[in-house]
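Residue numbers (UniProt numbering): 1 to 92. A short write-up of the structure that comes next.
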């Protein structure tokens, strides 16, 4: 299992958030998020938004902490990046 989480530096709804991604598959990402107790509504195209108070729990469960640029690089290299403004499914 290879999951990555960036630092909780993304503001929203009065809190700071991290992004949780897989560089293997969305199935792996969904399974890990479910084990953490993350709600399905936390999934946003290619990542889960994880509140700052869950960061340590995600790392303890096996997510590897990386910087935001490294997280994006790994997600893109895996072919799992789904940028906003593009359909969720598009030809490679």
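Don't be surprised by glycine CBs; every beta carbon is placed ideally from N, CA and C. Since the model is a prediction, treat every value here as computed from it, not as a measurement.
For this session: Please classify residue 81: does DSSP put it in a helix, a strand, or coil?
Result: coil
Problem set entry | Exposure of residue 76, with buried meaning 16 or more beta-carbon neighbours within 10 Å | exposed
For this session: Go through its chain and collect everything with a Cβ distance to residue 10's Cβ below 8 angstroms, but skip five positions before and after it.
Result: 16, 17, 18, 19, 49
Problem set entry | Assigned secondary structure, residue 47 (DSSP; H/G/I helix, E/B strand, else coil) | strand
Exercise. What's the C-alpha gap between residue 52 and residue 8?
Worked result: 5 angstroms
Exercise. Would residue 22 pass as a contact of residue 72 if the rule is Cβ separation under 8 angstroms?
Worked result: no
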